[in-house]
Amino acid sequence: MKIEYKVNPPITTDEFIEVLKNSTLGERRPIDDMECIKGMVENADIIITATQNDKIVGVARAVTDFHYCCYLSDLAVDKSCQKSGVGKKLIEIVQAQIGEKCKIILLSAPQAVEYYPKIGFFQHQSAWVIKSTDLLK
Ligand SMILES: CC(C)(COP(=O)(O)OP(=O)(O)OC[C@H]1O[C@@H](n2cnc3c(N)ncnc32)[C@H](O)[C@@H]1OP(=O)(O)O)[C@@H](O)C(=O)NCCC(=O)NCCS
């Protein structure tokens, strides 16, 4: 299986949606909200793709300042290519794009909670989330 990795290649919203769906992550991403998907693709700071015969079979999408923090929002590998090192390679390429002091932060999907510790992430007990529309108390 020859996989080619690309840093910030052109990627269409349809290609992004397809790899999300083919990985199952599409169930947890707003794939029917084109405005949101377009914003996710256009405003990402880092997009790494894994392609096989010109088909995108893996993607990592991150938002970062490149120096202090890097939010790895989406990591998705096509079901046909999972557990063959693609996810790990995509994260290693993200790491290579950011500064030495920059940490990768993410929120794990339920099916990946055992994945991240396995590849070296440590769990942070103080992660907090609020929507932009939620009122502060
Ligand atoms: C989770 C995901 C990104 C991992 O990518 P991958 O290419 O399949 O995983 P890798 O090949 O890099 O796996 C590295 C190791 O972790 C293991 N692993 C892979 N997925 C795992 C999972 N969900 N849980 C526990 N271990 C997992 C692999 O077996 C491998 O172990 P080994 O080195 O002992 O063989 C991919 O399976 C995926 O897209 N899953 C569905 C969508 C998802 O949950 N994405 C994460 C969003 S936060």
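Sequential numbering of the sequence shown, starting at -17, is according to the working numbering.
All C-beta atoms, glycine included, are put in the ideal place defined by N, C-alpha and C.
| Asked | Found |
| --- | --- |
| Taking 8 Å as the cut-off, does the segment 23 to 32 touch the segment 73 to 92 (at least 3 CB pairs, one atom from each stretch)? | yes |
| Just to confirm the assignment, what range does the beta strand (DSSP E) spanning residue 118 have? | Taken as a continuous stretch (DSSP letters only), residue 118 belongs to no beta strand (DSSP E), as it is neither H nor E. |
| Could you tell me the boundaries of the alpha helix (DSSP H) in which residue 2 lies? | -5 to 5 |
| Excluding five sequence neighbours on each side, which residues of the same chain lie with their C-beta closer than 6 Å to the C-beta of residue 40? | 32, 59, 68, 72 |
| Can residue 96 be considered in contact with ligand 1, in the sense that its beta carbon sits closer than 7 Å to one or more heavy atoms? | yes |
| Return the residue from the list 11, 50, 80 that minimises the CA-CA distance to residue -11. | 80 |
| Is residue 64 near ligand 1 - that is, is its Cβ less than 7 Å away from at least one heavy atom of it? | yes |
| Starting from residue 8, follow the alpha helix (DSSP H) in both directions and report where the run begins and ends. | That residue, residue 8, is in no alpha helix (DSSP H); it is neither H nor E in DSSP. |
| Would you mind reading off the limits of the alpha helix (DSSP H) that contains residue 50? | From DSSP, residue 50 is part of no alpha helix (DSSP H); its letter is neither H nor E. |
| Near residue 42, what residues of its chain come up, given a Cβ to Cβ distance below 6 Å and the 5 sequence neighbours on each side ignored? | 30, 57, 72, 76 |
| Am I right that residue 84 and residue 51 are in contact with their C-beta atoms under 8 Å? What's the rounded C-beta distance? | 7 Å |
| Which residues mark the beginning and the end of the beta strand (DSSP E) in which residue 95 is found? | No beta strand (DSSP E) contains residue 95, which DSSP labels as neither H nor E. |
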